[in-house]
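In what follows, a structure is listed as structure tokens, so that the remarks can point back to it.
Chains as they are written, first to last, in my numbering: chain R, 1 to 552; chain F, 1 to 306.
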């Protein structure tokens with residue numbers, strides 16, 4: 001049988017690149033090579049972006065393409081409308097203004113904490129069509145499958161006149177967003193703070209970039225990971241001591257990611273003091289996937305830390321990082337390189353442990369940080385806060401969580417949730433039912449926005465003690481373990497002192513005294529630095545905190 | 001940087017308050033206009049005796065806030081948003097150009113009269129700190145009695161919520177919550193159970209009056225009491241003005257919406273600074289400027305340079 005090639009001459013396999021050429025040609029009179037004049041940006045966007053396009057706009061929780069978002073909101077909705085926005089973080093008012101003004105219609109995103117009320121109202125009022133809520137990695141993944149962008153709007157520090165970009169310490173997710181558009185004949189537009197003759201280094205080559213525009217102001221950058229040690233409480237120090245003894249030392253945790261809570265900041269500040277007194281240096285907490293937390297400075301200076309790979313930069317830490325090249329990932333120019341996608345993957349697959357705080361947890365250990373009436377999304381915690389089924393390599397800590405002698409048994413990622421049993425204003429953290437369920441109904445979500453599922457949680461730490469959930473497969477027993485450390489919350493009131501005693505004897509839960517910790521020893525005097533000024537001193541003056549954190 | 005003007009509601013009034021407004025010709029004009037519309041002397045509105053009536057309180061709050069707003073308006077300093085708490089919503093609607101000052105003054109006069117008439121003795125409000133609206137609603141629903149009704153009313157802050165209803169019912173809830181998680185709970189010195197279904201009738205009468213007016217489209221978006229949405233249409237403002245009295249004021253959400261919309265400066269019309277304090281507690285990095293504490297010149301400077 002002969003198979004005929006049908007209408008070979010009419011089928012084009014280059015429609016995408018031809019469409020791109022048409023768009024690029026349409027702005028020839030407005031641009032100077034790859035450079036868009038700052039004051040023509042709105043006009044250029046109106047030609048380069050077409051109605052119905054998928055537009056990925058760089059807005060992660062630190063770096064924002066703020067000039068481009070402010071420009072996008074000025075385009076004429078009669079010319080361009082029904083855009084499908086893809087954003088890892090909805091952080092700025094204009095990110096939602098584009099929907100109010102009829103420029104955009106649909107959104108797929110990861111995190112919307114700073115706009116969580118507005119987006120919740122807009123979903124409820126039908127003003128925005130919600131694609132879905134994602135973790136960072138999921139959203140980045142979909143950029144290459146079914147959310148391939150037509151246009152990428154990103155931010156860089158500097159460009160040269162050919163369009164090579166320097167993104168420096170805050171490289172974050174820019175290369176991922178650019179890659180998804182550039183290699184699929186999409187259009188890449190980068191706002192830059194300045195154009196220079198010679199870049200410190202090239203983070204993104206010019207062949208991936210179509211246009212650059214000098215922003216009227218430097219891109220917005222938030223110092224989200226700075227925690228002032230002044231606000232760390234004795235209870236958080238007690239929790240930190242339990243974490244060090246009852247988890248890090250017990251399992252030999254060497255590689256890890258910390259959340260941004262004050263309790264994990266306390267852990268960082270206890271390593272050179274309490275950790276040192278236990279002789280743990282070199283045995284725990286050596287390799288980190290972590291933004292350059294200022295509270296990690298004392299541990300680095302005291303020789304605890306071998307390496308830190310970062311999702312993004314942190315304002316004020318630039319000089320310190322450059323001066324500690326042995327620790328951080330830096331370019332030939334000396335400044336740090338971050339990459340949110342790779343750091344998320346490292347945090348998912350390559351570390352022993354993830355630890356984070358939660359605001360609400362049910363009796364089975366499912367936890368959530370949502371508030372009713374708000375849609376905040378996920379960010380990256382669920383990527384790191386689960387046991388990845390695809391992991392095949394073994395480390396001491398991972399292997400230590402093996403609970404069976406089955407010849408096919410494997411270890412487990414340590415996923416730790418830390419919580420005080422009550423939030424402010426007498427709100428119990430341990431509850432019968434998560435607020436996430438009412439958020440699901442209100443925002444018409446397909447699934448309740450659970451941050452970390454109970455099945456993934458291996459340890460829970462409260463001021464009462466630690467529950468070693470990984471030791472039991474029985475849901476009933478896990479519930480008893482959680483109740484035993486849940487204080488006088490509704491879940492905690494279920495606990496039976498006899499059961500608690502039994503669980504202690506079996507090593508399923510541990511109270512501070514079981515770990516050799518005296519509650520009265522948990523004092524702020526244990527902190528290696530008690531305020532921002534002392535962090536600056538530890539850094540030898542290299543850390544320059546943003547103004548809002550200066551207290552002197 | 002975006003700005004919002006806040007118009008206070010009941011509770012901020014004090015004796016002689018209309019004498020403490022900024023000394024500007026446009027303020028005097030508003031005071032004179034008020035005197036003519038109401039056919040009374042200004043002094044008879046803000047005396048201690050007069051302020052014991054809901055009507056005079058609402059009149060004074062509207063006059064003080066709108067008179068002050070006029071100074072900004074005359075100088076071309078228009079905020080990006082406005083919002084008013086309860087009766088303050090009438091000041092916000094006036095600033096936004098939806099209703100005239102005369103219409104607003106007549107409406108709040110009617111509102112005050114109807115509120116005084118609708119419930120007799122034995123009704124009022126209470127405030128509870130330390131429990132959120134969901135916790136409080138659960139308690140109130142569990143204890144609800146038709147004979148002594150109590151409703152959860154204004155959400156001023158996440159854990160500062162008011163109750164409205166019968167005094168005996170309120171006292172029982174106040175006593176209960178003190179032992180069940182509240183950090184504080186007390187009856188307020190008001191004789192009307194505002195913002196609950198007991199005032200459905202007031203709402204209906206107000207709506208009839210509003211339906212007679214030719215309402216204009218808002219020139220400045222208004223963050224609403226009932227739905228905490230930005231109102232851009234006259235009909236939506238009408239509904240909010242009429243129905244607010246029988247529905248909870250979602251003040252925290254109304255201000256949160258302004259904050260998420262980019263508001264960094266909140267200027268509070270007189271009297272008082274209650275709304276500034278709530279905004280500052282909720283959003284530490286915003287700038288709040290109650291006119292009662294700052295000079296008009298300071299506010300001009302900040303608005304002109306933002």
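Built from N, CA and C at the ideal position, the CB exists for glycine as well.
Nearest in C-alpha terms to residue 41 of chain R, of all of R:153, R:107, R:54, R:102, is R:153.
It is roughly 24 Å from the alpha-carbon of residue 93 of chain R to the alpha-carbon of residue 47 of chain R. Counting along the chain, no beta strand (DSSP E) covers residue 208 of chain R, and no H or E run does either. Of all residues in the region 346-378 of chain R, those with a C-beta nearer than 8 Å to a C-beta of chain F are 372, 373, reading in chain order. Approximately 5 Å separates the beta-carbon atoms of residue 451 of chain R and residue 368 of chain R; this is inside 8 Å, confirming the contact. Partner residues in the beta bridge of residue 108 of chain R, as assigned by DSSP, are R:86.
A distance of 9 Å or more separates the beta carbons of residue 18 of chain F and residue 6 of chain F. Between the region 231-240 of chain R and the region 258-275 of chain R, the count of C-beta pairs closer than 8 Å reaches three or more; the two stretches touch.
Counting along the chain, the unbroken alpha helix (DSSP H) around residue 16 of chain R starts and ends at 15-26. Where residue 155 of chain R is concerned, there is no enclosing alpha helix (DSSP H), although the beta strand (DSSP E) around it starts and stops at 151-159. Look at residue 183 of chain R here: in three-state DSSP terms it is coil, with no helix or strand label. Our two residues, residue 176 of chain R and residue 469 of chain R, have alpha carbons roughly 36 Å apart in a direct line. Residue 83 of chain F: member of the beta strand (DSSP E) spanning 81-84, first to last residue. For residue 132 of chain F, the closest Cβ of chain R is nearer than 9 Å. The Cβ-Cβ distance between residue 245 of chain F and residue 86 of chain F falls below 9 Å. In terms of Cα proximity to residue 212 of chain F, the closest of F:8, F:21, F:157, F:99 is F:99.
Across the structure, residue 110 of chain R and residue 223 of chain R are spaced so that their CA atoms are roughly 19 Å apart. Counting only runs of at least 4 residues, the region 46-88 of chain R fully encloses the following alpha helix (DSSP H) elements, listed from N- to C-terminal order: 66-72.
DSSP places residue 187 of chain F in no alpha helix (DSSP H) but in the uninterrupted beta strand (DSSP E) bounded by 184-187.
Its Cα nearest to that of residue 226 of chain R, the residue R:268 stands out among R:245, R:268, R:206. The beta carbon of residue 300 of chain R lies closer than 7 Å to those of 324, 327 in the same chain, with the five residues before and after it left out. Judged by DSSP secondary structure, residue 121 of chain R falls within the alpha helix (DSSP H) whose first and last residues are 116-124. Under the three-state reduction of DSSP, residue 95 of chain R is assigned to helix. Excluding five sequence positions before and after residue 333 of chain R, the CB atoms of its chain that fall closer than 7 Å to its own CB belong to 200, 201, given in chain order. Look at the region 252-269 of chain F: the residues with a C-beta under 8 Å from a C-beta of chain R are 253, 256, 257, 260, 261, 262. Not a single C-beta of chain R is nearer than 9 Å to the C-beta of residue 138 of chain F. Contact check for residue 206 of chain F and residue 241 of chain F: beta-carbon distance about 7 Å, within the 8 Å limit, so the pair qualifies. The region 379-388 of chain R makes contact with the region 333-348 of chain R: 3 or more CB pairs, one atom from each, lie closer than 8 Å. Counting only runs of 3 or more residues that sit fully inside the region 376-418 of chain R, the beta strand (DSSP E) segments are 414-418, in chain order. The residues 125, 127, 153, 154, in chain order, have a CB closer than 6 Å to that of residue 162 of chain F in the same chain once the five nearest residues on each side in sequence are set aside. Just so you know, the alpha carbons of residue 297 of chain F and residue 77 of chain F end up roughly 12 Å apart. At a beta-carbon threshold of 7 Å, the residues of chain F lying near residue 93 of chain R are 260, 261, 262, ordered along the chain. In this structure, residue 10 of chain F lies near residue 194 of chain F, with their beta-carbon atoms less than 9 Å apart.
For residue 55 of chain R, the CB contacts under 6 Å within the same chain, skipping 5 residues up- and downstream, are 83, 85, 151 in chain order. Taking a contact as a CB-CB distance under 8 Å, the pair residue 129 of chain F and residue 160 of chain F counts as one, their CB atoms being some 5 Å apart.
The region 140-218 of chain F is shown to contain whole alpha helix (DSSP H) runs of 4 or more residues at 167-178, 200-211, in chain order.
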